[in-house]
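*Asks:*
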Amino acid sequence: MKVPNFPLVSVICTCYNQAGYITQALDSILAQTYEKVEVFVIDNGSWDDSRTQIQKWIERNGKKLPLKYHFYDRAVNYCKAFNAAVSSVRGDYLVDLAADDYLHPNHLARAVACLTNSSAKVYFSNATLLFPDGSQKAFYPDIYTGKVPEGDVFAAVVQRYVLSTATLVMDTRSFLKEGGYDEELAYEDFDILIRLSRRYHFVYGDEIGVYKRELPGSLSRQQYQAKHSVLLPSTFRVCEKIYLMVADNTELEALKFRLLHEAKHALASANFDVAGNFLDLYSKLPPPAPGYFAFRLWQQVRLDLSGWYTWWREKQLA
Numbered sequence: 001m002k003v004p005n006f007p008l009v010s011v012i013c014t015c016y017n018q019a020g021y022i023t024q025a026l027d028s029i030l031a032q033t034y035e036k037v038e039v040f041v042i043d044n045g046s047w048d049d050s051r052t053q054i055q056k057w058i059e060r061n062g063k064k065l066p067l068k069y070h071f072y073d074r075a076v077n078y079c080k081a082f083n084a085a086v087s088s089v090r091g092d093y094l095v096d097l098a099a100d101d102y103l104h105p106n107h108l109a110r111a112v113a114c115l116t117n118s119s120a121k122v123y124f125s126n127a128t129l130l131f132p133d134g135s136q137k138a139f140y141p142d143i144y145t146g147k148v149p150e151g152d153v154f155a156a157v158v159q160r161y162v163l164s165t166a167t168l169v170m171d172t173r174s175f176l177k178e179g180g181y182d183e184e185l186a187y188e189d190f191d192i193l194i195r196l197s198r199r200y201h202f203v204y205g206d207e208i209g210v211y212k213r214e215l216p217g218s219l220s221r222q223q224y225q226a227k228h229s230v231l232l233p234s235t236f237r238v239c240e241k242i243y244l245m246v247a248d249n250t251e252l253e254a255l256k257f258r259l260l261h262e263a264k265h266a267l268a269s270a271n272f273d274v275a276g277n278f279l280d281l282y283s284k285l286p287p288p289a290p291g292y293f294a295f296r297l298w299q300q301v302r303l304d305l306s307g308w309y310t311w312w313r314e315k316q317l318a
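Just so you know, the sequence shown maps onto residues 1 to 318 in full-length UniProt numbering.
If you want it as structure tokens, here you go:
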């Protein structure tokens with residue numbers, strides 16, 4: 001596939017106490033076979049050796065590609081830090097790279113080729129998940145070959161969140177047109193997927209694009225933190241947005257599935273108030289599934305199974 005005019009890709013790499021991984025992440029940007037790349041490095045108030053590692057990398061490589069950086073003295077909202085960086089970059093396409101992940105050398109070349117030869121505004125790919133015990137697996141196993149949704153993925157994202165957001169390469173103008181990341185939320189990926197997929201097509205590259213570490217302290221593992229999840233309220237706010245976006249019965253059923261799914265996990269993790277919010281929103285979408293009434297009773301009696309649930313979830317994520 002031809003790549004017209006070689007568009008610029010801006011990679012924004014955000015680091016927070018990831019001194020052991022940041023160098024590999026930055027090296028993977030430098031190792032891209034696609035050459036028209038700029039990088040913006042953020043240290044978001046790290047208290048480990050991250051800033052020193054970033055400074056050393058800049059000293060070695062700062063003249064090899066266009067580079068900007070910003071060091072926060074204290075951690076700020078991730079979405080706010082990222083949006084501030086976006087305002088300083090020039091790329092036609094945008095990558096949000098976590099400092100504990102790293103890119104396959106061909107990731108950006110594949111993404112740009114797919115995006116410039118289609119009407120899609122967002123590219124995503126397969127990813128390799130890396131676990132602390134040294135094991136790894138593909139985000140999409142072989143059984144998904146030929147089955148990964150692309151084009152209009154809105155309903156699929158609403159229902160099952162089927163994309164690896166670590167692999168996204170986004171059209172910068174489309175990202176900005178949607179207002180960037182929502183700075184009122186505690187995390188960004190579900191919300192931006194919803195807003196982009198509502199308006200734009202996605203294109204899939206059936207290759208490993210990113211190596212993503214699944215670490216014990218990662219944000220995804222905090223989604224259903226027992227009793228005090230800081231992420232579930234943001235998930236609910238995104239669901240409220242979806243409620244205003246759904247356009248047909250397929251999308252409505254996808255939202256109903258999502259709401260019961262989130263309510264179930266909120267209940268199991270003893271986040272009863274936000275579970276009630278999910279159920280209240282679900283009640284506006286008749287007819288109710290039988291599980292709704294069981295979940296509503298559970299929410300009312302507040303049966304705390306969070307100890308068992310936390311043990312079970314750690315087993316599933318191990």
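Glycine included, every Cβ here is placed at the ideal spot set by N, Cα and C.
Near Y181, which residues of its chain fall below 7 Å by C-beta distance, leaving aside the five closest residues on each side in sequence?
*Replies:* For the purposes of this step, residue 181 is taken as residue 181 along the sequence shown, with counting starting at 1. These residues qualify, in order along the chain: C79, F82, N83, E188 and I192.
*Asks:* Indicate whether the contact test is met: 3 or more Cβ pairs, each with one atom in the segment 252-265 and one in the segment 278-297, closer than 8 Å.
*Replies:* yes
*Asks:* Going along the chain, which unbroken runs of the alpha helix (DSSP H) with 4 or more residues stay wholly within the UniProt domain "Glycosyltransferase 2-like" (10-121)?
*Replies:* Segments of the alpha helix (DSSP H) lying fully in the UniProt domain "Glycosyltransferase 2-like" (10-121): 22-30, 50-61, 78-86 and 107-116.
*Asks:* Could you tell me the distance, in whole angstroms, from the CA atom of A75 to the CA atom of S306?
*Replies:* Here residue 75 corresponds to residue number 75 of the sequence shown, with the count starting at 1. Here residue 306 corresponds to residue number 306 of the sequence shown, with the count starting at 1. When rounded, the distance between both Cα atoms is 29 Å.
*Asks:* Would you say V153 and F202 are within 7 Å of each other, going by their C-beta atoms?
*Replies:* In the sequence shown, the residue the question calls residue 153 occupies position 153. In the sequence shown, the residue the question calls residue 202 occupies position 202. Contact: yes.
*Asks:* Report yes if the C-beta distance between Q159 and Y102 is below 7 Å; otherwise report no.
*Replies:* Here residue 159 is taken as the residue at index 159 of the sequence shown, counted from 1. Here residue 102 is taken as the residue at index 102 of the sequence shown, counted from 1. Cβ atoms of Q159 and Y102: not closer than 7 Å.
*Asks:* Determine the extent of the beta strand (DSSP E) in which I208 is found, giving its start and end residues.
*Replies:* Sequence index remark: in the sequence shown, residue 208 carries index 208 (1-based). Its beta strand (DSSP E) spans residues F202 to R213.
*Asks:* Compute the Euclidean distance between the alpha carbons of Q32 and Q225, then round it to the nearest angstrom.
*Replies:* Here residue 32 refers to the residue found at position 32 of the sequence shown. Here residue 225 refers to the residue found at position 225 of the sequence shown. Approximately 37 Å, taken between the alpha carbons.
*Asks:* Let me know the secondary structure DSSP gives F124 once reduced to three states.
*Replies:* Sequence index remark: in the sequence shown, residue 124 carries index 124 (1-based). Strand at F124.
*Asks:* Just to confirm my understanding: we take V230, look at its own chain, exclude 5 residues before and 5 after, and list those with CB closer than 8 Å. What are they?
*Replies:* For this step, residue 230 is matched to residue 230 along the sequence shown. If we look at V230 and ignore the five residues flanking it on each side, its Cβ neighbours are A186 and Q222.
*Asks:* Which term fits M1, buried or exposed, when burial requires 16 or more other beta carbons within 10 angstroms of its beta carbon?
*Replies:* Sequence index remark: in the sequence shown, residue 1 carries index 1 (1-based). Bear in mind that a pLDDT of 48 at M1, under 50, signals an unreliable position, so the number given afterwards is only what the model happens to contain. Burial call: exposed.
*Asks:* Which two residues bound the contiguous beta strand (DSSP E) that contains D171?
*Replies:* The sequence position of residue 171 within the sequence shown is 171, counting from 1. Unbroken beta strand (DSSP E) run through D171: V169 to D171.
*Asks:* Which residue comes first and which comes last in the beta strand (DSSP E) that contains K137?
*Replies:* Indexing the sequence shown from 1 puts residue 137 at position 137. Its beta strand (DSSP E) spans residues Q136 to A138.
*Asks:* Using DSSP with H/G/I as helix, E/B as strand and the rest coil, what is G179?
*Replies:* Stepping through the sequence shown from its first residue, residue 179 is reached at position 179. G179: coil per DSSP, three-state reduction.
*Asks:* Give a yes or no on whether the minimum CB-CB distance between R296 and chain C is below 7 Å.
*Replies:* In the structure shown, chain C cannot be found, because there is only a single protein chain.
*Asks:* According to DSSP, which residues form a beta bridge with G151?
*Replies:* The residue given as residue 151 occupies position 151 in the sequence shown. According to DSSP, G151 shares a beta bridge with F202.
*Asks:* I need the DSSP call for L130, collapsed to helix, strand or coil.
*Replies:* In the sequence shown, the residue the question calls residue 130 occupies position 130. In the structure shown, L130 sits in a strand (DSSP, three-state: E or B).
*Asks:* Residues in its own chain within less than 7 Å of F272 by CB, not counting five upstream and five downstream?
*Replies:* Here residue 272 refers to the residue found at position 272 when the sequence shown is read from its first residue. The residues are Q299 and R302.
*Asks:* Which value, in whole angstroms, describes the spacing of the CA atoms of Y69 and V122?
*Replies:* Numbered from 1 along the sequence shown, position 69 holds the residue referred to as residue 69. Numbered from 1 along the sequence shown, position 122 holds the residue referred to as residue 122. Taking the straight line joining both Cα atoms gives about 25 Å.
*Asks:* Pull up the distance between the alpha-carbon of K212 and that of D248, whole angstroms please.
*Replies:* By 1-based counting over the sequence shown, the position of residue 212 is 212. By 1-based counting over the sequence shown, the position of residue 248 is 248. Distance between the alpha carbons of K212 and D248: 35 Å.
*Asks:* In or out: W311 buried (at least 16 other Cβ within 10 Å) or exposed?
*Replies:* Counted from its first residue, the sequence shown places residue 311 at position 311. Looking at its Cβ environment, which holds fewer than 16 other Cβ atoms inside 10 Å, W311 is exposed.
*Asks:* In chain order, what are the residue ranges of uninterrupted alpha helix (DSSP H) at least 4 long that sit wholly in the segment 267-307?
*Replies:* 272-282 and 290-301
*Asks:* Is it buried or exposed, T52, if we count other Cβ atoms within 10 angstroms and call 16 or more buried?
*Replies:* As a position in the sequence shown, residue 52 is number 52, starting the count at 1. Classification for T52: exposed.
*Asks:* Can you list, in chain order, the residues of its chain whose CB lies under 6 Å from that of F40, leaving out five sequence neighbours each side?
*Replies:* Position 40 of the sequence shown, counting from 1, holds the residue named residue 40. I12, K68, A85 and V89.
*Asks:* Can you tell me where the alpha helix (DSSP H) holding Y243 begins and where it ends?
*Replies:* Taking the sequence shown and counting its residues from 1, one reaches residue 243 at position 243. Looking at the DSSP string, the run of the alpha helix (DSSP H) that includes Y243 is L232 to M245.
*Asks:* Comparing alpha-carbon positions, which option in P132, G91, L129 and E251 lies nearest F175?
*Replies:* The sequence position of residue 175 within the sequence shown is 175, counting from 1. Comparing Cα-Cα distances from F175 to each of P132, G91, L129 and E251, the minimum goes to G91.
*Asks:* Using 8 Å as the threshold, is the segment 126-145 in touch with the segment 57-65, meaning 3 or more CB pairs across them?
*Replies:* no
*Asks:* Comparing C-alpha positions only, which one of L129, G151 and E150 sits nearest to P141?
*Replies:* Numbered from its first residue, the sequence shown carries residue 141 at position 141. With distances taken between Cα atoms, P141 lies closest to L129.
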